[in-house]
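Numbering (the numbering used here), first residue to last: 374 to 1098. C-beta atoms are modelled at their ideal positions from N, C-alpha and C, and glycine is treated no differently. Nothing here was measured: the structure is a model prediction, and the numbers come from that model.
Now the structure itself:
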């Protein structure tokens, strides 16, 4: 039993010049109102979430009576300024609900409080219960009779469309609070054990008048069962209406039961992403009086031993053994203390950072059941259930196009930007990388993350696997196709226009090959019926001088030469290093050649047979290969040679750029160029006249198909793309 004392809020005015601001009446002085002492409140049901409020929990409302203006409306503060005049000062605690269980509302008010210049005005507010309440009492020995007859029962108290039930199944620990002046109705409702029939009876009494429902009135209903020949009827032994005084003597059990507030802001469920940083996870509770005990249990789906060891146990805080505490400590669970305060908390924050999902990253639901005891009441009959759900981190993996070939690929290790949720540093340090041919069966990759021996133009699958359980999204890797060069054997040369060795021709024979372009349109200009070996001849020509291993008929001869209408056999107008290349040929009078053809694959190099004749000896012939994504160079290879005695086979590797910005790009264009020479500022002195003027005078040059003036001559045959990985 607890003796409840009166409530007083002492409001003492202190003259404080520091309280003056421009918004107050000028030259009127000011009054600072402060609470003189702490206030302790206890009644049958203080608000469960508040317990014993101190003065700081009261709301103060100060209104200037002459203007109706609110000078202050808020929680208690030490200093409240006010200009001179008369005020109404009100203090309240709690919420004046239409109807609720265990929800007292307190109010104290004083009007006509005068604040004068250079005066301090003490104000004493006596706070009283400002709503009304009702309770149910069962007559002596009656609870057993009710329990025998009914499976469930209680009294419904209804105001308007809202209702609560008190006296539930014999309990007398709760009261119904309703606004003063309401007209509540009381109905007994129960379910008979014998036939499961619902029965009800309205409770009436001549004492249930309007006066019984005014502020501070406590209506007590005493119920009993009266036996009859047909069974029993419910009777109202008595109805008492008492004024609730703050000096009432009440049992502590009538104080509201403690409350488990939930996680953080009242949440019942938290979600944690495995590997992420710990999340705030404090499970708090409060009581009207000091917390007496806490009962709790766990149901962890997390399969880690430290959590499984806590399952199938019910812990009572006051009875924990050293072994229990060690188990809880191993799980990083910080327990509350029974330290005489009316609040406490479990702290699962550190624990969250070690939680894991189930096999395959399936969500793990970890359940916590808690109930709290204070003022001899448990917060609930059954523990309240809370949960921390662990979900898998989300991340992706990939392989850059520059690391994918026709017969192998190298995937990337996990990158920070690929982690959508979870902690990159934890994920990356415990990651296995795998590939699959069908997306079902997976094979671990080695430390170099490279897989060889694959089939060209085939789809494979890759993924990352964290701690052997949690897989990333599956990504596709498509090996490149093996694309052969069109007419790599350089067979089938044909003449598109002109003729060699005939008098009166406009131009010499212009040779062409399927799949290849040349500079021949430039070196076979229209010379107006005077095409000779010195002014109009193809600088790229077929030749039967081919490698001994070649199965073809011809090779190609690429010549540095001179040409041009108006040239004579002794004086040339133009000079050129002829080219055989992939791309578009120039126009006859416009050197608008363009290099490269559409190509989507990833070769490691090119192979070809070559021979070089250096007629002057001051130049180098060249072979070049380049891979592009649009206009961005991805890789290249260059080979230069001087004179050789015979054909040699050359594999020219492509050196790919390793920068991330480059290897992210897919090849879509290839350039291959074979060029007779590389000397800049080419002139006639760099060429050799291969036959003399006497031949020209006798007319023999009219039947000479070859170029008269020549520098380097590059022979090329059997060109192929190399795909060795």
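In chain order, what residues of the same chain have a beta carbon less than 7 Å from the beta carbon of residue 773, not counting five sequence neighbours either side?
-> On the chain shown, residue 773 is found 400 positions in, with the first residue counted as 1. 785, 1036, 1037, listed in sequence order.
For the segment 1011–1030 against the segment 953–968, are there 3 or more C-beta pairs whose distance is under 8 Å?
-> no
Stretch pair the segment 845–861 + the segment 869–877: three plus CB contacts closer than 8 Å = no
Identify whether residue 691 lies in helix, strand or coil by the three-state DSSP scheme.
-> Here residue 691 is taken as the residue at index 318 of the chain shown, counted from 1. Reduced to three states, the DSSP call for residue 691 is helix.
Hey, is the segment 734–744 in contact with the segment 667–680, meaning 3+ C-beta pairs nearer than 8 Å?
-> yes
Near residue 438, what residues of its chain come up, given a Cβ to Cβ distance below 8 Å and the 5 sequence neighbours on each side ignored?
-> By one-based count along the chain shown, residue 438 stands at place 65. Here the set comprises 458, 459, 460, 461, 484, 485.
Inter-residue CB distance, residue 1029 and residue 980 (contact presumed, cutoff 8 Å) = The sequence position of residue 1029 within the chain shown is 656, counting from 1. The sequence position of residue 980 within the chain shown is 607, counting from 1. Residue 1029 to residue 980, Cβ: 17 Å. No contact.
Determine the direct distance from the alpha carbon of residue 633 to that of residue 655, and round the result to whole angstroms.
-> Counted from its first residue, the chain shown places residue 655 at position 282. Counted from its first residue, the chain shown places residue 633 at position 260. So the alpha carbons of these two residues sit roughly 11 Å apart.
Three-pair Cβ contact test at 8 Å for the segment 565–572 versus the segment 540–552 = no
Give me the Cα-Cα distance between residue 750 and residue 766, rounded to the nearest whole angstrom.
-> Residue 750 sits at position 377 when you count from the first residue of the chain shown. Residue 766 sits at position 393 when you count from the first residue of the chain shown. The straight-line gap from Cα to Cα measures roughly 42 Å.
Check each candidate in 650, 775, 790 and name the one with the smallest Cα separation from residue 726.
-> As a position in the chain shown, residue 726 is number 353, starting the count at 1. Here the closest residue by C-alpha is 650.
Locate the alpha helix (DSSP H) running through residue 679, then write down its first and last residues.
-> As a working note, residue 679 is residue 306 in the chain shown. Here the alpha helix (DSSP H) through residue 679 covers 678–681.
If residue 607 and residue 530 are in contact, beta carbons under 8 Å, what's the gap, nearest whole angstrom?
-> Along the chain shown, read from residue 1 onward, the residue named residue 607 stands at position 234. Along the chain shown, read from residue 1 onward, the residue named residue 530 stands at position 157. Residue 607 to residue 530, Cβ: 16 Å. No contact.
Going straight from the alpha carbon of residue 997 to that of residue 1092, what length do you get?
-> Taking the first residue of the chain shown as 1, we reach residue 997 at position 624. Taking the first residue of the chain shown as 1, we reach residue 1092 at position 719. Roughly 12 Å separates the two Cα atoms.
Take the Cβ of residue 647 as the centre, count every other Cβ of all protein chains shown within 10 Å, and call the residue buried at 16 or more, exposed below.
-> By 1-based counting over the chain shown, the position of residue 647 is 274. Classification for residue 647: buried.
Should residue 584 go down as buried or exposed, given a rule of 16 or more other Cβ atoms within 10 Å for buried?
-> Residue mapping note: residue 584 aligns to position 211 of the chain shown, counting from 1. It counts as exposed.
Spell out a yes or no on whether the segment 987–1003 and the segment 879–889 are touching, meaning 3 or more CB-CB pairs, one atom from each, closer than 8 Å.
-> no
Between residue 642 and the rest of its own chain, which residues show a CB-CB distance below 6 Å, the 5 nearest in sequence each way excluded?
-> Stepping through the chain shown from its first residue, residue 642 is reached at position 269. For residue 642, where only same-chain residues beyond five positions count, the Cβ hits under 6 Å are 760.
Between the segment 1080–1092 and the segment 934–941, are three or more C-beta pairs nearer than 8 Å?
-> yes
Which partner residues of residue 740 appear in the DSSP bridge assignment?
-> For the purposes of this step, residue 740 is taken as residue 367 along the chain shown, with counting starting at 1. Answer by DSSP bridge pairing, in chain order: 672, 760.
Would you give the residue range spanned by the beta strand (DSSP E) that residue 952 belongs to?
-> Walking along the chain shown from the start, residue 952 turns up at place 579. Residues 952–954.
Taking only the alpha-carbon atoms, compute the straight-line gap between residue 902 and residue 1077 and give it to the nearest angstrom.
-> Here the question's residue 902 lines up with position 529 in the chain shown. Here the question's residue 1077 lines up with position 704 in the chain shown. Each residue's alpha carbon lies about 15 Å from the other.
Sort out for me which residues DSSP pairs residue 635 with in a bridge.
-> The count along the chain shown starts at 1 and reaches residue 635 at position 262. For residue 635, which the question treats as bridged, DSSP gives the partners 657.
Neighbourhood of residue 318 by C-beta, 6 Å cutoff - its chain only, sequence neighbours within 5 removed = One cannot answer for residue 318 here, as it falls past the ends of the chain, which runs 374 to 1098.
Ordered list of beta strand (DSSP E) runs contained in the segment 863–898, each at least 3 residues = 867–870, 883–885
Which residue's Cα is closest to the Cα of residue 942: 1063, 597, 1031, 1010?
-> On the chain shown, residue 942 is found 569 positions in, with the first residue counted as 1. Closest option to residue 942, Cα to Cα, is 1063.
Could you tell me the distance, in whole angstroms, from the CA atom of residue 889 to the CA atom of residue 781?
-> For the purposes of this step, residue 889 is taken as residue 516 along the chain shown, with counting starting at 1. For the purposes of this step, residue 781 is taken as residue 408 along the chain shown, with counting starting at 1. If you take the alpha carbons of residue 889 and residue 781, they lie about 30 Å apart.
Reduced DSSP secondary structure (H/G/I, E/B, other) of residue 788 | Taking the first residue of the chain shown as position 1, residue 788 is located at position 415. In the structure shown, residue 788 sits in coil (DSSP, three-state: anything other than H, G, I, E or B).
Residue span of the alpha helix (DSSP H) that contains residue 781, given as start and end = Counted from its first residue, the chain shown places residue 781 at position 408. No alpha helix (DSSP H) contains residue 781, which DSSP labels as neither H nor E.
Which residue from 470, 841, 810, 842 puts its Cα closest to that of residue 832?
-> Numbered from 1 along the chain shown, position 459 holds the residue referred to as residue 832. It is 810 whose Cα lies nearest to the Cα of residue 832.
Quick one: Cα of residue 703 to Cα of residue 690, how far?
-> Position 330 of the chain shown, counted from the start, is the residue given in the question as residue 703. Position 317 of the chain shown, counted from the start, is the residue given in the question as residue 690. Straight-line Cα distance between these residues: approximately 17 Å.
Go to residue 536, then tell me how far its beta strand (DSSP E) extends in each direction, as first and last residue.
-> Numbered from its first residue, the chain shown carries residue 536 at position 163. From DSSP, the beta strand (DSSP E) with residue 536 extends over 535–539.
Rounded straight-line distance, which links the Cα of residue 739 to that of residue 762 = Position 389 of the chain shown holds residue 762. Position 366 of the chain shown holds residue 739. Straight-line Cα distance between these residues: approximately 6 Å.
Confirm, please, whether the CB-CB distance from residue 866 to residue 915 is below 7 Å.
-> Here residue 915 refers to the residue found at position 542 when the chain shown is read from its first residue. Here residue 866 refers to the residue found at position 493 when the chain shown is read from its first residue. Their beta carbons are under 7 Å apart, which means residue 915 touches residue 866 by this criterion.
Smallest Cα separation from residue 1024: which of 983, 1031, 1054, 1059?
-> Start at 1 with the first residue of the chain shown, and residue 1024 comes out as number 651. Of 983, 1031, 1054, 1059, the residue nearest in Cα terms is 983.
Take residue 465 as the anchor and find which of 440, 474, 435, 488 has the nearest alpha-carbon.
-> Residue numbering aside, residue 465 sits at position 92 when the chain shown is read from its first letter. Answer by Cα proximity: 435.
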